[in-house]
Amino acid sequence: MNFFDRLPVFAADSILGLNNAFAEDNRKEKVNFIIGVYEQPQKRYGGLASIRKAQAVIAEEESNKRYLPILGLPAFLEEMRELVFGSVDPQEMVGCQALGGTGALHLGAKLFSMSQLSRKVYIPQQTWGNHIRIFSQEGLDVVRYPYYNADTKSVLFEELEKFLQEAERHSLVLFHCCCHNPTGKDLTENMWERLAVLLKEKELITFFDAAYQGFSEGLEKDRKPIQICISAGNPVFVATCASKNFSLYGERVGYFAVHGGSSEELLKISSCLQEKARGEYSSPCRHGAEIVATILSNPYLKQEWVSELGGIREALAKLREKFVQAMREVTGHTFDFIASQKGFFGYPGFSQKQVAFLREQKAIYTTEGGRFNLNGLTDKNIHHVVQSFAQAYELSDSQ
Numbered sequence: 001m002n003f004f005d006r007l008p009v010f011a012a013d014s015i016l017g018l019n020n021a022f023a024e025d026n027r028k029e030k031v032n033f034i035i036g037v038y039e040q041p042q043k044r045y046g047g048l049a050s051i052r053k054a055q056a057v058i059a060e061e062e063s064n065k066r067y068l069p070i071l072g073l074p075a076f077l078e079e080m081r082e083l084v085f086g087s088v089d090p091q092e093m094v095g096c097q098a099l100g101g102t103g104a105l106h107l108g109a110k111l112f113s114m115s116q117l118s119r120k121v122y123i124p125q126q127t128w129g130n131h132i133r134i135f136s137q138e139g140l141d142v143v144r145y146p147y148y149n150a151d152t153k154s155v156l157f158e159e160l161e162k163f164l165q166e167a168e169r170h171s172l173v174l175f176h177c178c179c180h181n182p183t184g185k186d187l188t189e190n191m192w193e194r195l196a197v198l199l200k201e202k203e204l205i206t207f208f209d210a211a212y213q214g215f216s217e218g219l220e221k222d223r224k225p226i227q228i229c230i231s232a233g234n235p236v237f238v239a240t241c242a243s244k245n246f247s248l249y250g251e252r253v254g255y256f257a258v259h260g261g262s263s264e265e266l267l268k269i270s271s272c273l274q275e276k277a278r279g280e281y282s283s284p285c286r287h288g289a290e291i292v293a294t295i296l297s298n299p300y301l302k303q304e305w306v307s308e309l310g311g312i313r314e315a316l317a318k319l320r321e322k323f324v325q326a327m328r329e330v331t332g333h334t335f336d337f338i339a340s341q342k343g344f345f346g347y348p349g350f351s352q353k354q355v356a357f358l359r360e361q362k363a364i365y366t367t368e369g370g371r372f373n374l375n376g377l378t379d380k381n382i383h384h385v386v387q388s389f390a391q392a393y394e395l396s397d398s399q
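Residue numbering for the sequence shown follows full-length UniProt numbering, starting at 1 and increasing by one per position.
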């Protein structure tokens with residue numbers, strides 16, 4: 001008897017599947033722009049010396065590898081609260097360590113599902129593909145809202161406002177806190193203030209994915225949308241991680257938090273998070289959380305980390321400008337809109353046909369819309385890249 005015949009076979013992940021295809025590609029000119037990581041091959045830990053120093057401190061001082069509490073390492077939770085929220089009353093929120101940013105989003109999806117407020121979750125039309133999977137796997141009804149116009153290269157703010165005015169009460173709205181992935185186009189502070197009022201009026205739960213905090217305008221400015229929504233009196237979920245801004249990708253260090261609600265509600269939230277965490281993984285990972293807590297609690301290490309993070313942000317901005325300048329000089333095409341985008345990626349808003357052309361004809365691997373990781377640009381490949389992007393740009397649907 002075949003016991004597992006009824007199991008489905010799922011399509012390969014849109015990003016990780018592409019990475020596998022890249023690995024199997026034998027063309028010498030191939031370029032990998034797929035996954036959102038920042039690395040400096042000649043330096044350890046993405047160029048963050050603070051990580052190496054924190055690990056040395058831990059190796060010298062730690063005496064055991066005991067299980068952490070279900071909610072996570074207390075020092076990590078305290079430091080992440082300050083990093084993500086700034087100055088907030090800890091009695092007004094609940095925080096929980098998670099298994100990376102995906103795990104943090106997963107906890108938020110589970111909590112919202114358990115609340116039985118609504119089955120509706122609103123997610124931007126252009127978004128990280130795993131967002132859809134995470135909420136759909138909880139049986140939630142994922143609805144896409146308008147966010148970005150690929151023709152005008154701008155945010156569809158009026159359309160977004162109009163959409164949310166018709167949103168189902170008590171539903172959840174997912175936002176990218178900064179460095180919108182994939183478009184790199186963020187809402188302005190004025191837009192956030194207008195949205196915060198609307199979200200309050202419609203009694204919607206705001207869920208921020210803050211995975212790229214520090215890569216737009218800096219750590220404090222990048223958390224401003226969270227603070228604006230809290231000030232407006234909105235219940236706020238936040239999911240973030242130490243993958244990007246600490247380069248701790250493989251350590252799976254995540255953080256989920258809820259701000260708002262009565263003391264009784266927060267007690268219930270804490271109970272639900274602990275119940276779900278206990279049933280899935282019992283206790284979160286220790287080492288990565290200790291690295292983050294060690295850096296953020298040590299003034300010298302924190303200062304060094306903030307400086308190093310700023311250096312990465314500046315390096316990405318220079319790569320962005322280098323690409324735009326090369327497109328202008330080598331091909332005559334104007335891709336200046338890329339210069340105003342924020343974060344790890346450039347986003348030309350290409351069609352599926354254009355993306356396929358880059359991959360199949362030019363051995364350039366991007367994700368949906370032509371999203372490309374700026375860190376993949378090198379002096380060796382940039383001429384090939386800009387020539388190929390220019391050809392893709394000229395590709396019409398009739399060809």
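For every residue, glycine included, the Cβ atom is placed at its ideal position computed from N, Cα and C.
Between the alpha carbons of V197 and Q391 lies a gap of roughly 44 Å. Counting the other CB atoms within 10 Å of its CB gives Q341 a total of 16 or more, which places it among the buried residues. Taking 8 Å as the cut-off, the Cβ atoms of L18 and Y249 do not count as close.
Contact between A210 and V292 is ruled out by a C-beta separation of about 14 Å, above the 8 Å threshold. With a contact defined as Cβ atoms closer than 8 Å, M191 and F163 miss out at about 14 Å. Per DSSP, A390 is one residue of the alpha helix (DSSP H) stretching across 382-394.
Ranking T294, I226, C272 by CA distance to the CA of R52 puts T294 first.
With at least 16 other beta carbons inside 10 angstroms of its own, R286 counts as buried.
Looking only at R313, S154, W305, M114, the smallest Cα-Cα distance to E265 is reached by M114.
Counted as a single uninterrupted DSSP element, the beta strand (DSSP E) harbouring H176 occupies residues 172-176. When rounded, the separation of the alpha-carbon atoms in N26 and I35 is 19 Å. Inclusion of F85 and A289 in the CB contact set at 8 Å is not warranted, their separation being larger than that value.
In the structure shown, R144 falls within a strand segment according to DSSP collapsed to helix, strand and coil. In the three-state DSSP reduction, M114 falls in the helix class (H, G or I). Rounded to whole angstroms, G369 and S307 show a C-alpha spacing of 32 Å. For M1, the secondary structure class from DSSP, reduced to helix, strand or coil, is coil.
Considered as a whole, the region 211-242 harbours 236-241 as its complete beta strand (DSSP E) runs of no fewer than 3 residues, in chain order. The beta carbon of L48 sits closer than 6 Å to those of S247, E308, all from its chain and outside the five residues before and after it, given in chain order. Here C96 carries a strand assignment [DSSP, helix/strand/coil]. The three-state secondary structure of P90, taken from DSSP, is helix.
The secondary-structure analysis by DSSP pairs D209 across a beta bridge with H176, A239.
S50 sits in a helix when the DSSP states are folded into three classes. In this structure, the CA atom of E29 is about 8 Å from the CA atom of N381. Taking 3 residues as the shortest admissible run, the region 245-285 contains the following complete beta strand (DSSP E) segments, listed from N- to C-terminal end: 253-259.
C-alpha of D222 to C-alpha of N64: approximately 36 Å in a straight line.
Assignment of I70 by DSSP, reduced to helix, strand and coil, places it in the coil class. Taken in chain order, the complete alpha helix (DSSP H) segments of 4 or more residues contained in the region 297-358 are 299-326.
The three-state secondary structure of K200, taken from DSSP, is helix. In this structure, DSSP gives S63 a state outside helix and strand, which the three-state scheme calls coil. Closest in alpha carbon position to E201, among H170, P41, A257, E39, is H170.
Residue range 120-124 is occupied by the beta strand (DSSP E) that includes I123. No Cβ-Cβ contact shorter than 8 Å links Q116 with P182.
Considering only L107, N130, S136, G129, the residue with the shortest C-alpha distance to K120 is S136. The beta carbon of A277 sits closer than 6 Å to those of I70, all from its chain and outside the five residues before and after it, given in chain order.
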